[in-house]
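Accompanying notes for the structure given below.
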Amino acid sequence: MITLPLAGVSTELNRRVLRQDFRHSDLVSSGVDVLEVKNIKFSYGRKVVLADVSLDLAYGANLFLGRNGAGKTTLMRVLAGANRPDSGEVRLDGEPFQWGSGSTRRVLRRVGWLPQTFGFPPRMRVDEFIAYAAWLKEVPSSRVAERSRVVLELVDLTERSREPLKSLSGGQLRRAGLAAAMVADPELLILDEPTAGLDPEQRDNFHELVRHVRQEKVVVVATHLLEDVDALAEHLVVIDQGAVRWTGTPAELVRQADGEVGLGALRAGFQALIGQES
1 MITLPLAGVS TELNRRVLRQ DFRHSDLVSS GVDVLEVKNI KFSYGRKVVL
51 ADVSLDLAYG ANLFLGRNGA GKTTLMRVLA GANRPDSGEV RLDGEPFQWG
101 SGSTRRVLRR VGWLPQTFGF PPRMRVDEFI AYAAWLKEVP SSRVAERSRV
151 VLELVDLTER SREPLKSLSG GQLRRAGLAA AMVADPELLI LDEPTAGLDP
201 EQRDNFHELV RHVRQEKVVV VATHLLEDVD ALAEHLVVID QGAVRWTGTP
251 AELVRQADGE VGLGALRAGF QALIGQES
């Protein structure tokens with residue numbers, strides 16, 4: 001069980017986990033939108049997957065809720081720089097993604113991405129995996145050891161750092177992926193279905209971890225699970241059939257329901273928005 005703030009870790013280390021090289025605290029306190037998504041369109045052949053998606057997101061936990069096949073993963077891949085849209089624009093703190101250019105590499109160093117599934121050499125050790133992620137993000141070699149230590153401690157994998165990835169449980173592997181996504185201290189952290197396939201205890205642990213890191217990052221979580229919304233969401237985006245259907249807070253979504261409470265109210269509000277029968 002992960003307990004945060006981290007047990008046995010100094011206040012200074014906890015501070016550095018969230019603030020190392022951080023330069024945007026004035027924006028955090030003011031609630032200024034940091035991630036701007038304008039008129040994004042994406043198609044696979046003739047199949048339109050994203051249809052004119054526009055969003056402005058600020059620091060904190062932004063959850064993208066939608067059914068399977070709604071377009072969430074494709075949008076996450078666009079935000080992570082893995083998919084180039086047919087048209088539209090993405091800006092991080094005012095700096096545009098220009099796919100295929102050197103400036104995009106600079107922007108993407110500020111982005112951490114945890115896909116729903118990711119490949120890895122099974123014999124690779126956990127610490128090697130984190131160091132490799134740091135190399136991919138061009139973390140200076142002088143900082144790799146310290147950043148690796150910080151994120152491994154954050155996700156409670158220090159004691160398993162020299163073990164092969166194949167020895168980890170599903171929840172531990174997801175936490176190793178989160179450590180890799182965070183090793184470059186990203187400003188934008190993208191998590192695609194991060195709790196899918198986890199048991200209830202593992203899901204609670206992961207929720208606790210995300211609540212800890214969301215304070216000074218733009219955290220974007222794609223999910224189809226209302227438990228994730230209930231545990232994490234500060235801002236909610238409902239996506240259906242490749243389009244943004246609604247944005248607001250979980251409390252505002254609950255108002256769409258008729259007499260329901262708890263997760264039932266979230267479910268009823270979601271179903272009302274997308275026209276799905278309960």
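Residue numbers (UniProt numbering): 1 to 278. Idealized CB from N, CA, C, for every residue including glycine.
Span separating the alpha-carbon of residue i from that of residue j
| i | j | result |
| --- | --- | --- |
| G94 | E187 | 13 Å |
| P121 | E128 | 10 Å |
| A196 | V155 | 18 Å |
| L232 | V219 | 10 Å |
| G45 | G171 | 36 Å |
| R203 | T73 | 20 Å |
| R106 | A265 | 42 Å |
| G275 | L136 | 43 Å |
| R160 | L168 | 8 Å |
| S25 | Y59 | Its pLDDT being 41, under 50, S25 is placed unreliably in this model, and the coordinates cannot settle the point. |
| I190 | V111 | 8 Å |
| E153 | L209 | 11 Å |
| R67 | R267 | 12 Å |
| V244 | N39 | 11 Å |
| G262 | E252 | 13 Å |
| T247 | I130 | 35 Å |
| Q256 | E163 | 48 Å |
| P96 | E234 | 25 Å |
| R211 | E201 | 15 Å |
| D199 | Q116 | 15 Å |
| S54 | E89 | 9 Å |
| L258 | S43 | Inspection of the sequence shows that residue 258 is occupied by Asp rather than by Leu. Approximately 36 Å, taken between the alpha carbons. |
Cβ pair residue i, residue j closer than 7 Å
| i | j | result |
| --- | --- | --- |
| D56 | E36 | yes |
| S87 | K41 | yes |
| L236 | P250 | yes |
| I239 | A82 | no |
| A181 | L75 | no |
| V144 | A133 | no |
| E193 | T223 | yes |
| L173 | M124 | no |
| R77 | W99 | no |
Nearest-angstrom beta carbon gap, residue j and residue i [assumed within contact, 8 Å]
| i | j | result |
| --- | --- | --- |
| A176 | V126 | 5 Å |
| L65 | F270 | 6 Å |
| G242 | L50 | 5 Å |
| A184 | R109 | 6 Å |
| V34 | L92 | 7 Å |
contact_flag[the region 142-149, the region 214-229] where n(CB pairs < 8 Å) is 3 or more: no
Inter-stretch contact at 8 Å, needing at least 3 Cβ pairs: the region 128-140 / the region 205-218: no
In chain order, each beta strand (DSSP E) run of at least 3 residues that lies wholly inside the region 182-207: 188-192
In chain order, each beta strand (DSSP E) run of at least 3 residues that lies wholly inside the region 214-243: 218-223 and 235-240
Runs of beta strand (DSSP E) lying entirely within the region 96-142, each at least 3 residues, in chain order: 111-114
Segments of 3+ residues assigned as beta strand (DSSP E) that fall wholly inside the region 44-76: 47-57 and 60-65
Ordered list of alpha helix (DSSP H) runs contained in the region 139-172, each at least 4 residues: 141-154
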